[in-house]
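K.L.:
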Amino acid sequence: MYDDRLQFLTLYSARFAEGFGFITLITLLPYYINALDPSATTVLGVTVGAGFVIGMYTSGFTLAQTAAVVPLAWAGDRFDKRLVLLCSLGLGVIAYTLFPLVDSSASFVLARGLQGVAVTGAGLMSLSLVGQIATGGTRANHIGKANAASFAASILGSLSAGALYEAFGFTPVFAVIVVLTTVAWLGSFRYLNPDETRVGGFPFADLALNRRILTLTSFRMQYAFAVTLVRTWVPIYAGVTAAQGGLAYGALAVSLTVVAEKFTNMLCQPFTGRLSDGYGRAAFVFVGGGLYGVVALLVPFSPAIGAVLSLPASYPLVGELSPAFVPLVVLSGLLGVADSLREPASMALFADEGTSEGGVASSFGLRELVWRPGSVIAPLLGGWLMTTVGMGSVFYVGGAFAIAGVATFLVILVRFHGAAALTEW
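Count the sequence shown with our numbering and you get residues 196 to 620, in order.
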């Protein structure tokens, strides 16, 4: 039997591998768009619009996640979460091995779907085990540390993906991910205690009617649209050609815009998680979500901000860019700060309810399931907005969803739980 500290470190390593694979695909997405030529995709002899295909590059991933959430979460509560985690990491090894073989939009979407199942299982089980092992007074702090490990992987993944892709192409990038995921599988097999908790029945049914969870979902369902649009389109905005409304930056510059958000999120989450353990979690959800929406609205103004500040258009290592580069990186970093206020507090609230009701994996499963409509529909909406209305509209719509979400959350929280709930939860 292994002590809790060793188990936490093992689960953090699983989060690291999951985060590395996830962010690598986000970073390389604009280059897959350029390489696979989505405008030329046909289905049964009918040409499919570029906006829809671009959206499916992300929605294929999230559709698979949506289908996998309920069975994986149920299996985690009903059986051994450690075993489900091992199966998910193993599936991830298979998925990342297939990506170098992708040669069309259809095969890319299929590989993304397989990745979606693997990421969902690894994320649900690692977080469920962290929430289950941690005590209530330290839960958000430990979740914040687990998320920080994922963000550290995101930073390394973004930088290494850009550098390796520019030097060698796609294949070496995925070789690194396969190695990391395999190491995480071996560590989980060796150091995690078997999960002896068993929950009969279908805990989703009871948790779906939990008043606190219903209140949280009033915010989370809308916020999913905001984060999916903004997080997906920041690197697309930075990397696609000017003709498509982007800034046409190289891979390293795109990586830096992604890294800025992950770096600030990584630094802040253990600290903000500890604060939410001590001072109440609902307020952190409200403030973080609202701030995220405000910053998202400013992203399309990064060229104007750079011009007003007379910022340079050329930088060491990355070369010729534009005055928009530094404002975009700063705004991306602020998005990370905003989300670090929300995420550990939100996760801890779901873990609190799941632990007290006897179904922590199902509680996190509901949290994921509520996210899915936004994460599936938002990329399709973003692809249409980008190709039909304009790049800036993606961020305006994303910001509006976040602000509407926190407003709804506040109204429901005060109406049904009292004004004090904002600081007591």
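We put the CB at the ideal spot given by N, CA and C, even for glycine.
With distances taken Cα to Cα, identify the nearest neighbour of TYR631 among PHE203, SER509, TYR291.
P.N.:
The structure shown does not extend to residue 631, since the chain is modelled only from 196 through 620, so no value can be given for it.
K.L.:
Identify every run of the alpha helix (DSSP H) within the segment 493-561, keeping only runs that are complete inside it and at least 4 residues long; order them along the chain.
P.N.:
497-503, 520-552
K.L.:
So, for ALA341: in the same chain, excluding its five sequence neighbours on each side, which residues have a beta-carbon less than 7 Å away from its beta-carbon?
P.N.:
To locate residue 341, count along the sequence shown from 1; it is residue 146. Only LEU206, TYR207, ARG210, SER321, LEU322, VAL325 meet the Cβ criterion.
K.L.:
Would you report the Cα separation of ALA311 and SER505, rounded to the nearest angstrom?
P.N.:
Position 116 of the sequence shown, counting from 1, holds the residue named residue 311. Position 310 of the sequence shown, counting from 1, holds the residue named residue 505. Position check: residue 311 holds Gly in this sequence, whereas Ala was assumed. Taking the straight line from one Cα to the other gives about 42 Å.
K.L.:
DSSP state of THR330, grouped into three classes?
P.N.:
As a first step, residue 330 is located in the sequence shown; it is residue number 135 there, counting from the start. THR330: coil per DSSP, three-state reduction.
K.L.:
For ALA614, count the other beta carbons within 10 Å of its own beta carbon; 16 or more makes it buried, fewer makes it exposed. Which is it?
P.N.:
Position 419 of the sequence shown, counted from the first residue, corresponds to residue 614. ALA614 should be labelled exposed.
K.L.:
Can you give me the start and stop residues for the alpha helix (DSSP H) that TRP428 sits inside?
P.N.:
As a first step, residue 428 is located in the sequence shown; it is residue number 233 there, counting from the start. Residues 406-434.
K.L.:
How do the segment 302-318 and the segment 248-258 stand: do at least 3 beta-carbon pairs fall below 8 Å, yes or no?
P.N.:
yes
K.L.:
In its own chain, which residues sit with a C-beta less than 8 Å from the C-beta of ALA263, not counting the 5 before and 5 after it?
P.N.:
If you number the sequence shown from 1, residue 263 lands on position 68. The residues are GLY311, VAL312, THR315, GLY316.
K.L.:
Tell me, please, whether the segment 330-340 touches the segment 461-474 by the rule of three or more beta-carbon pairs shorter than 8 Å.
P.N.:
Enough Cβ pairs lie closer than 8 Å, so yes.
K.L.:
Assuming GLY287 contacts GLY216 (C-beta within less than 8 Å), just tell me the rounded distance between them.
P.N.:
Start at 1 with the first residue of the sequence shown, and residue 287 comes out as number 92. Start at 1 with the first residue of the sequence shown, and residue 216 comes out as number 21. The C-beta separation of GLY287 from GLY216 comes to about 6 Å, placing the pair in contact by the 8 Å criterion.
K.L.:
Quick one: what's got a C-beta closer than 7 Å to GLY137's C-beta in the same chain, skipping five residues either side?
P.N.:
Here the chain comprises residues numbered 196 to 620, so residue 137 is not present and cannot be evaluated.
K.L.:
Please determine whether the Cβ atom of THR222 lies at a distance below 7 Å from any heavy atom of the ligand COA.
P.N.:
In terms of ligand content, the structure shown is empty, and the ligand COA therefore cannot be addressed.
K.L.:
Does the distance from the CB of VAL368 to the CB of ALA379 come in under 8 Å?
P.N.:
In the sequence shown, counting from the first residue as 1, residue 368 sits at position 173. In the sequence shown, counting from the first residue as 1, residue 379 sits at position 184. Result no, Cβ atoms of VAL368 and ALA379 do not sit closer than 8 Å.
K.L.:
Examine the Cβ distances between the segment 407-420 and the segment 295-303 and report whether three or more of them are shorter than 8 Å.
P.N.:
no
K.L.:
For GLY440, name the three-state secondary structure that DSSP assigns.
P.N.:
Working through the sequence shown from its first residue, we reach residue 440 at position 245. Coil at GLY440, not helix or strand.
K.L.:
Just tell me which of VAL480, SER527, GLY578 has its CA closest to the CA of VAL454.
P.N.:
One-based indexing of the sequence shown puts residue 454 at position 259. Closest option to VAL454, Cα to Cα, is SER527.
K.L.:
For VAL394, which three-state DSSP category applies?
P.N.:
Taking the first residue of the sequence shown as 1, we reach residue 394 at position 199. Residue state, collapsed to three classes: coil.
K.L.:
Can you tell me which of the three DSSP states TRP620 falls into?
P.N.:
Indexing the sequence shown from 1 puts residue 620 at position 425. It is coil, neither helix nor strand.
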